[in-house]
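J.: If you read the protein sequences in the order shown, they are chains A and B. Our numbering numbers the first residue of the first sequence as 3 and each following residue consecutively. Our numbering numbers the first residue of the second sequence as 2 and each following residue consecutively. Don't be surprised by glycine CBs; every beta carbon is placed ideally from N, CA and C. Quantities reported herein were computed from a predicted structural model and do not represent experimental measurements.
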Amino acid sequence: MKNHVWRPLYIALILLAAGLVASYFLVPADFGVHERGYMYGWHRKSNEAEWQSITVKYQTGKVCIPCHKDKYDDIKDSPHGSISCENCHGPNLDHPKNPLTLEINRSRSLCLRCHAKLPYKGTLRGSFKGINQETHYPQAECMMCHYPHDPRQSNLKREGKS
Amino acid sequence: MMNRRQFCKRTILVAGGMLLPLAALELFDPQSLKAGKEGKGKTRWVFLVDIHKCVGCGFCVKACKIENEVPYDAHVSRTWVERYVITRDGTVLIDSPNSARDGFISTKIDQNHHGMAEVKAEEITKVLLVPKLCNQCDNPPCVQVCPVGATYQTEDGVVLVDRKWCIGCGYCIMGCPYGVRFFHPVYNVAEKCNFCYHRLSSGMQSACVDACPFGARKIGNLRNPDDPVTKIITTEPVAVLKEEYGTKPQVFYLGLSMEVK
Chain A
3 MKNHVWRPLY
13 IALILLAAGL
23 VASYFLVPAD
33 FGVHERGYMY
43 GWHRKSNEAE
53 WQSITVKYQT
63 GKVCIPCHKD
73 KYDDIKDSPH
83 GSISCENCHG
93 PNLDHPKNPL
103 TLEINRSRSL
113 CLRCHAKLPY
123 KGTLRGSFKG
133 INQETHYPQA
143 ECMMCHYPHD
153 PRQSNLKREG
163 KS
Chain B
2 MMNRRQFCKR
12 TILVAGGMLL
22 PLAALELFDP
32 QSLKAGKEGK
42 GKTRWVFLVD
52 IHKCVGCGFC
62 VKACKIENEV
72 PYDAHVSRTW
82 VERYVITRDG
92 TVLIDSPNSA
102 RDGFISTKID
112 QNHHGMAEVK
122 AEEITKVLLV
132 PKLCNQCDNP
142 PCVQVCPVGA
152 TYQTEDGVVL
162 VDRKWCIGCG
172 YCIMGCPYGV
182 RFFHPVYNVA
192 EKCNFCYHRL
202 SSGMQSACVD
212 ACPFGARKIG
222 NLRNPDDPVT
232 KIITTEPVAV
242 LKEEYGTKPQ
252 VFYLGLSMEV
262 K
C-alpha cells in the first residue's frame with residue numbers, strides 16, 4: 003500500500019496509544035464498574051466516602067436537652083413540642099464551643115411560616131390559628147406577646163395589652 | 002364410552018383450566034416488592050411523604066440548604082414544597098416561592114409572567130402542599146445519560162454526583178423528569194438531593210426528616226421488613242410521581258392527587 007494510506011493510519015494509531023497511556027495514568031484505580039453494574043454503577047468508588055465524610059450540621063434536638071433542660075421542659079408538652087430546636091435556633095454545629103453561632107430568631111417571618119392565615123379548608127395548614135400579617139400588630143415582634151416555647155401561656159398577652 | 006353430558010363437562014373443565022393463568026393462583030404478597038429489587042445489599046433507602054401532614058412551613062428546605070451547603074439565597078434547592086390550589090372551575094394554580102424556603106405566608110400564588118394570582122377562599126375546592134425531592138429512582142435516567150461516569154447509584158440505592166468527575170454538560174439535568182437536578186452555583190457541577198448520604202451513613206436521618214415538625218417526611222430501608230416506612234409502603238395505598246416514565250421512583254406519597262405533576 004502507498005504512503006498516503008499509511009501516514010494517517012500511523013497518526014491514528016499514535017493518538018490511540020497516547021490516549022491509552024494518558025488514561026492509564028489519569029484514571030484512578032478505583033474507577034470502574036461497581037455494585038449496581040455498568041449501567042448505574044460506573045464510577046469512582048472513593049467518591050462515596052467523600053460524600054459520607056461531609057460534616058453533620060443539624061444534630062437534632064436530643065443534643066440540646068442535657069444543658070437546656072428548662073427550655074425543654076417548657077416546650078415538650080406544648081403545641082410547639084414537635085418543632086425541633088434547630089429549626090428556629092439554627093444548626094447545632096460548633097455549639098456549645100462557640101455559643102454565638104446559635105441565633106435567637108425573633109423575626110415575624112419565622113412564625114408566619116405556619117401562622118400566616120391561609121383559607122385552606124380541609125388541610126392541616128388551614129386548621130392552624132393564623133393571623134393577617136398586615137393587620138395583626140404589623141410593627142411588633144410576635145415574642146412580645148406570645149411565648150414561642152409554650153404558646154398556650156396567656157400571661158404575656160395580658161401584659162402586652164395592659 | 003363417554004356420553005354427551007360427560008363430554009361437555011370435561012370440555013368446559015379443560016378449556017377453563019387452560020384459560021386460568023398460573024399467576025392467578027399466586028396470592029400477591031406486598032413484601033415481595035422488596036425481594037424484587039435488584040442487588041444483594043441489606044439496605045435500600047426509600048422515602049415516604051405524607052401530603053396530608055405537610056403545612057408548607059418550609060423548615061425542611063431551610064434545613065436542607067444549610068446542611069448540604071447549598072447557597073441560601075440562590076434560587077436553587079435540593080428539595081422544595083409545591084402548593085397546588087384547585088379552584089371551582091377546575092383551574093390548577095401551582096407555585097413554590099423561593100422553593101418554599103420561608104414557607105407559604107401569602108394567599109397570592111406566583112404565576113411567573115402572569116403575575117400573582119389571588120383566589121377567593123370560597124372559590125378553592127382543594128389545596129395540596131407537596132414536598133419534592135430526588136426520587137433516587139431504581140432506573141435513574143440521569144445516571145444513564147452521564148457520559149463520564151460522574152453520577153452513579155450506590156448499592157443502597159442513592160444516586161450521587163462525583164464533583165471532581167462532573168464536566169458540567171448538563172445532560173442529567175435535562176434527563177431528570179422530576180427536575181430535581183441543578184448546577185451548584187459555587188462548584189458549577191450537577192447537584193442533587195442524596196437523602197443526606199453523610200447522615201444516613203452515620204446512623205442519622207435526612208436533615209429534612211429531622212426538621213419536619215409534622216412527620217410528613219420519613220425515610221426508611223425497604224429491605225428491612227420491620228421498618229415502619231416499609232410497612233406503610235407495602236400495605237397502604239401509596240403512589241409515586243410520573244410512574245409512566247418507567248424510572249421506578251423510590252419516593253412514595255400518601256395522599257397524592259392527579260393534579261400533582
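Any idea which residues DSSP pairs H45 of chain A with across the strands?
T.: A:G34
J.: Comparing the C-beta of S202 of chain B with each C-beta of chain A, is any distance below 8 Å?
T.: yes
J.: From which residue to which residue does the beta strand (DSSP E) around T126 of chain B run?
T.: 125-133
J.: Kindly indicate the opening and closing residues of the alpha helix (DSSP H) around N5 of chain A.
T.: 5-28
J.: Quick check: the Cα distance between A36 of chain B and Y254 of chain B, rounded to an integer number of angstroms?
T.: Low confidence applies to A36 of chain B: its pLDDT is 48, below 50, so where it sits in the model is not reliable enough to give any reading.
J.: Interface residues of chain A around P141 of chain B at Cβ under 8 Å?
T.: Among the residues of chain A, those whose CB is under 8 Å from the CB of P141 of chain B are Y42, following chain order.
J.: Indicate the three-state DSSP secondary structure (helix, strand or coil) for V75 of chain B in the structure shown.
T.: Position check: residue 75 of chain B holds Ala in this sequence, whereas Val was assumed. Coil at A75 of chain B, not helix or strand.
J.: Could you name the residues of the same chain whose beta carbon sits closer than 6 Å to that of C213 of chain B, not counting the 5 residues immediately before and after it, in chain order?
T.: Excluding residues within five positions, the ones whose Cβ falls inside 6 Å are C61.
J.: Can you give me, in chain order, the residues of the region 85-99 of chain B that have a beta carbon less than 7 Å from any beta carbon in chain A?
T.: none
J.: Please confirm whether any heavy atom of the ligand MN lies closer than 7 Å to the CB of H199 of chain B.
T.: This structure simply doesn't include the ligand MN, nor any ligand for that matter.
J.: Between the region 79-95 of chain A and chain B, which residues of the former have CB atoms less than 7 Å from a CB of the latter, in chain order?
T.: S84, I85, S86, N89, P93
J.: On the DSSP letters alone, give me the boundaries of the beta strand (DSSP E) that L223 of chain B sits inside.
T.: Per DSSP, L223 of chain B belongs to no beta strand (DSSP E) and is neither H nor E.
J.: How should V181 of chain B be labelled, buried or exposed, when 16 other C-beta atoms within 10 angstroms of its C-beta is the threshold for buried?
T.: buried
J.: How many Å lie between N134 of chain A and A118 of chain A at the Cα?
T.: Those two C-alpha atoms are separated by around 6 Å.
J.: Anything in chain B within Cβ reach of C116 of chain A, meaning under 8 Å, just list it in chain order.
T.: V56, C58, G104
J.: List, in order along the chain, the chain A residues whose C-beta lies closer than 9 Å to that of H76 of chain B?
T.: In chain order: nothing, as chain A lies at least about 17 Å away.
J.: Which residues in chain B have a C-beta closer than 9 Å to the C-beta of R38 of chain A? List them in chain order.
T.: E39, G40, V144, Y153, Q154, T155, E156, G158
J.: Using the C-alpha atoms, what's the distance from M205 of chain B back to A240 of chain B?
T.: The straight-line gap from Cα to Cα measures roughly 26 Å.
J.: Considering only the alpha carbon of each residue, which of B:L94, B:R84, B:I106, B:T235 lies closest to N225 of chain B?
T.: B:T235 is the residue among B:L94, B:R84, B:I106, B:T235 whose C-alpha sits nearest the C-alpha of N225 of chain B.
J.: Indicate whether the contact test is met: 3 or more Cβ pairs, each with one atom in the region 83-99 of chain B and one in the region 115-129 of chain B, closer than 8 Å.
T.: yes
J.: When the distance is taken between beta carbons, is G18 of chain B closer than 8 Å to V59 of chain B?
T.: One point to set straight first is that residue 59 of chain B is Gly, not Val, in the sequence displayed. For G59 of chain B and G18 of chain B, no; Cβs fall outside 8 Å.
J.: Could you tell me how far apart the beta carbons of P132 of chain B and A217 of chain B are, in whole angstroms, since I believe they sit closer than 8 Å?
T.: 6 Å
J.: Which stretch, first to last residue, makes up the beta strand (DSSP E) that contains F48 of chain B?
T.: 46-51
J.: Which residue from B:N113, B:R102, B:D111 puts its Cα closest to that of C209 of chain B?
T.: B:R102
J.: Which residues in the same chain have their Cβ closer than 6 Å to the Cβ of H185 of chain B, if we skip the five residues on either side of it in sequence?
T.: Within the same chain, and ignoring the five residues on either side of H185 of chain B in sequence, the residues whose Cβ sits closer than 6 Å to its Cβ are E192.
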